[in-house]
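Novice: Mind the numbering: the sequence shown is residues 1 to 143 in UniProt numbering, read in order.
From the three backbone atoms N, C-alpha and C, an ideal C-beta is built for every residue, glycine too.
None of these values were measured; they are calculated from a predicted model.
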Amino acid sequence: MTTEIITGGCLCGHIRYCAQHPRDPHTCSCSMCRKHTGALTALWVEFDSKNVTWNGEGGMPSLFRSSENTRRAFCPQCGSSVGAVDDAPVIALLAGGFDNPGRDYCIPEYHSLRMSYRRGQLIRRIMTLTDCGLSPACVVADA
């Protein structure tokens with residue numbers, strides 16, 4: 001993909017990283033990714049562990065074992081989600097934390113898991129509540 005050095009970090013700046021040789025950009029909407037990010041879909045970019053350096057004041061982020069094969073990474077100060085550290089030598093970083101997320105390596109190549117809503121639920125509509133001064137809200141309702 002690119003040899004560019006990718007930088008990013010958490011909301012408060014305590015956790016910072018630089019990474020090289022991104023691969024496998026993808027989105028995921030599984031329940032773990034939704035709960036980890038607070039979003040309906042997460043955009044992940046993977047790196048070999050040897051190509052990621054945690055260079056902020058906080059060093060490596062705090063980790064939470066979320067499944068048999070991976071740990072979710074987050075800042076212990078501000079709580080921002082920054083990625084996932086797999087037991088395999090892979091670190092997946094959330095593209096939302098990149099300093100320059102508008103690059104080609106952030107274009108997802110596939111979507112790994114569909115939303116795991118119970119059958120019959122769907123996203124009915126996106127409402128823009130500009131009259132009330134609110135940001136767009138996503139309404140989930142039974143079909």
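Among the residues of its own chain, which have a CB less than 6 Å from the CB of R103, if the five just before and after it don't count?
Specialist: None.
Novice: Check each candidate in I91, P76 and G97 and name the one with the smallest Cα separation from N69.
Specialist: Residue I91 is the option with its Cα nearest to N69.
Novice: Distance, Cα to Cα, G56 vs G9?
Specialist: So the alpha carbons of these two residues sit roughly 8 Å apart.
Novice: Within 10 Å of its beta-carbon, does Y110 have 16 or more other beta-carbons around it, so buried, or fewer, so exposed?
Specialist: The residue is exposed, with fewer than 16 neighbouring Cβ atoms inside 10 Å.
Novice: Assign S49 to buried or exposed, taking buried as 16 or more other Cβ atoms, counted over all protein chains shown, within 10 Å of its Cβ.
Specialist: It is exposed - the Cβ of S49 has fewer than 16 other Cβ atoms within 10 Å.
Novice: Taking all protein chains shown into account, do 16 or more other C-beta atoms lie within 10 angstroms of the C-beta of S31, making it buried, or fewer, making it exposed?
Specialist: So S31 ends up on the exposed side.
Novice: With a threshold of 7 Å on Cβ separation, who are the neighbours of R34 within its own chain once the five nearest residues in sequence on each side are excluded?
Specialist: These residues qualify, in order along the chain: L40.
Novice: Straight-line CA distance for T27 to P108?
Specialist: If I take the Cα positions, the gap works out to 6 Å.
Novice: How about P61 and A73: are their beta carbons less than 7 Å apart?
Specialist: Yes, they are a contact pair.
Novice: Please list, in chain order, all residues of the same chain as H14 whose beta carbon is under 8 Å from its beta carbon, the five residues on each side excluded.
Specialist: The answer, listed in chain order, is G56, E57, G58, C75, P76, Q77 and C78.
Novice: May I ask you to report which of helix, strand or coil DSSP gives G9?
Specialist: If DSSP states are grouped into helix, strand and coil, G9 belongs with the strands.
Novice: With burial defined as no fewer than 16 other Cβ atoms inside 10 Å of the residue's Cβ, what is the status of T3: buried or exposed?
Specialist: With fewer than 16 Cβ atoms within 10 Å of its Cβ, T3 is classed as exposed.
Novice: With DSSP as the reference, please indicate the residues paired to D86 in a beta bridge.
Specialist: Note: D86 sits in a beta bridge opposite T70.
Novice: Is the CB-CB distance between Y17 and W54 below 7 Å?
Specialist: Cβ distance < 7 Å, so Y17 and W54 count as in contact.
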